[in-house]
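Numbering (UniProt numbering), first residue to last: 1 to 611.
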């Protein structure tokens, strides 16, 4: 050791300390968001809540763990831990941290990292998602179309990034939405009227006398296009991924505009074939030519006979060499798909899908893309890979030269032609519609003492069947996300045929939406169904809490034993029972209606931040 300085002696110790620190940081990053049994306890925090009438209060000294009281029937939950504030916008099946932690090998060029990847049971967050500091009850519709509280979605980067396009503007404690977009800086309303004019529709109204009702907006931004279409009685599914503009769908839902987190990647969209009259892409930055046109063929699958694809992009008008190449190749592709140009003006082209199978059958042998095999089900969507082929029409649609749907609003109550696919009769449909009209009237009688006409805007029917619950709400200023469970009859196509909208989903997994996005959830037998499948009722209740807005309501109709189970969780979830009564108009004599309201609460840390 002669000649070595004291600093040299310390080097091995310093190196060891540094290595230990790196290991600890790695362990924290890898396991910090996971949930192995009690990890929700470790990363949850105790509730500290204010004490006014609208906000619950809990003793600061209470345990952070999930624990129970014994009762005559087993146990009663007393509290859930609260997720860390960094998870206030957690979407469990679209969680980028989960992808990193599980080391999923995904093809980024195919957008697989924006598709659903749900956590296994041992990695789920069994904790309550906290609202952001200062959270306010959302602004009511229709005012919410144009402004939201900044504290509810404290992300203003889009306002700066898109400041020249009028997406959104920060004004004091609110974020305003002037109605602009990347392609329509001067307002969606003018852009929509221009499209109607291109198609020669009466009075420049894009619904064409009710013949166009359901739209799909791909890469929708903050959904101003869909928001302004509502005035024309057009329902638009605004679709975008949780990408670099990650809060765009959150803004859309906060505004009270129908929207869904999704991406054109490798899996089919969760919508059946022939669901939309028009698909729209305005500067959506999608490579439609990739993989033999598979993404364009997915749009073809969900478009109705005679449906339109409105495409606003530089390729439609620019004259530089690359844009001209894309335009030529895209034009050739859609021609082989039997699409024709309905209109083209300035920066927008509108293609139209054929009304019958005639063009498909007249193509030369070997023409690409091919027709789908006869055993390929165009309505199978949940977790199903896209196919680079053309779905032909049913014999009915081919003969009738279209979908055979009545114009809106008659479409809502007219028996859909695809009833026959399920062996349902027109009489069954009409009885179902009338039954749900009575049930919804009964629900609203129970809710009337605690809600105003504008209390609810975003509604979800968790088991929608034929959509008659949503149909019965048509006279109210609400919209309904109709969810059809993936393990039952895929009646979602009947729902779209009625001019309504929704998605296929499994309630054993989290829904593709942000926390705090729905004002009311309708849960008819869905908890019983989840238990029958061997999935966790507790996980479902936590998921319902995640997507429900503070002060929102849940309508539960289920067996007495299920209602009793839910009641045990009320205190733990910070829900309050509003009404319980026998379901006199149910399919089962033993069914009970339970109406609960989610309380508004804030964490201690949030309150300190506010102070």
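The beta-carbon is built from N, C-alpha and C at its ideal position, and this holds for glycine as well.
DSSP-derived helix/strand/coil call for residue i
i: residue 307; result: strand
i: residue 514; result: coil
i: residue 219; result: coil
i: residue 502; result: strand
i: residue 293; result: helix
i: residue 597; result: strand
i: residue 592; result: strand
i: residue 480; result: strand
i: residue 562; result: helix
i: residue 579; result: strand
i: residue 40; result: Confidence is the limiting factor: at residue 40 the pLDDT is only 32, short of 50, which leaves the residue's position unreliable, though a coordinate-based value still follows. Helix at residue 40.
i: residue 91; result: coil
i: residue 449; result: coil
Own chain residues within Cβ distance below 6 Å of residue i, not counting five before or after
i: residue 381; result: 268, 270 and 504
i: residue 217; result: 225, 226, 236, 238 and 280
i: residue 499; result: 213, 408, 411 and 412
i: residue 569; result: 77 and 541
i: residue 223; result: 238, 252, 257 and 259
i: residue 567; result: none
i: residue 207; result: 232, 233 and 234
i: residue 304; result: 274, 277 and 403
i: residue 612; result: Because the chain in this structure spans residues 1 to 611, residue 612 falls outside the shown range and cannot be described.
i: residue 466; result: 432, 491 and 494
Neighbour-count burial assignment, residue i, 16 or more Cβ in a 10 Å radius
i: residue 353; result: buried
i: residue 374; result: exposed
i: residue 145; result: buried
i: residue 628; result: A query on residue 628 cannot be resolved here, the shown segment of the chain reaching from 1 to 611 and no further.
i: residue 482; result: buried
i: residue 533; result: exposed
i: residue 364; result: exposed
i: residue 114; result: buried
i: residue 348; result: buried
i: residue 395; result: exposed
i: residue 510; result: buried
i: residue 612; result: A query on residue 612 cannot be resolved here, the shown segment of the chain reaching from 1 to 611 and no further.
i: residue 293; result: buried
i: residue 480; result: buried
i: residue 167; result: buried
i: residue 143; result: exposed
i: residue 312; result: buried
Residue i versus residue j: straight-line alpha-carbon distance, rounded
i: residue 594; j: residue 577; result: 7 Å
i: residue 82; j: residue 129; result: 6 Å
i: residue 496; j: residue 341; result: 25 Å
i: residue 565; j: residue 582; result: 16 Å
i: residue 159; j: residue 169; result: 5 Å
i: residue 512; j: residue 460; result: 13 Å
i: residue 215; j: residue 249; result: 16 Å
i: residue 501; j: residue 471; result: 11 Å
i: residue 266; j: residue 112; result: 7 Å
i: residue 601; j: residue 475; result: 32 Å
i: residue 240; j: residue 139; result: 23 Å
i: residue 60; j: residue 574; result: Annotation note: pLDDT 31 at residue 60 (below 50); position unreliable, coordinate value reported separately. In a straight line, the C-alpha of residue 60 is about 16 Å away from that of residue 574.
i: residue 415; j: residue 141; result: 31 Å
i: residue 137; j: residue 521; result: 17 Å
i: residue 592; j: residue 507; result: 21 Å
i: residue 563; j: residue 284; result: 45 Å
i: residue 272; j: residue 418; result: 12 Å
i: residue 80; j: residue 556; result: 21 Å
i: residue 554; j: residue 155; result: 28 Å
i: residue 337; j: residue 543; result: 41 Å
i: residue 359; j: residue 447; result: 53 Å
i: residue 519; j: residue 377; result: 35 Å
i: residue 345; j: residue 198; result: 7 Å
i: residue 452; j: residue 444; result: 11 Å
i: residue 172; j: residue 135; result: 15 Å
Contacts around residue i, its chain only, beta-carbon distance under 7 Å, and the 5 residues preceding and following it disregarded
i: residue 407; result: 209, 210 and 211
i: residue 205; result: 196 and 232
i: residue 104; result: 117
Chain-order list of residues whose beta-carbon lies under 8 Å from that of residue i (same chain, five-residue window excluded)
i: residue 422; result: 489, 491 and 494
i: residue 633; result: Nothing about residue 633 can be reported from this structure: the residues present for the chain run from 1 to 611 only.
i: residue 99; result: 106, 113 and 117
Below-9 Å beta-carbon distance, residue i vs any chain C residue
i: residue 452; result: You won't find chain C in this structure, because it holds only one protein chain.
Which residue spans inside the segment 337-423 form an unbroken alpha helix (DSSP H) run of at least 4? 358-362 and 395-400
What alpha helix (DSSP H) runs, 4 residues minimum, are completely inside the segment 97-168? Counting only runs that start and end inside the segment 97-168, the alpha helix (DSSP H) elements of at least 4 residues fall at 157-161.
3 or more residues per run - each beta strand (DSSP E) lying fully within the segment 235-267: With a minimum length of 3 residues, the continuous beta strand (DSSP E) runs that stay inside the segment 235-267 are 235-240 and 259-261.
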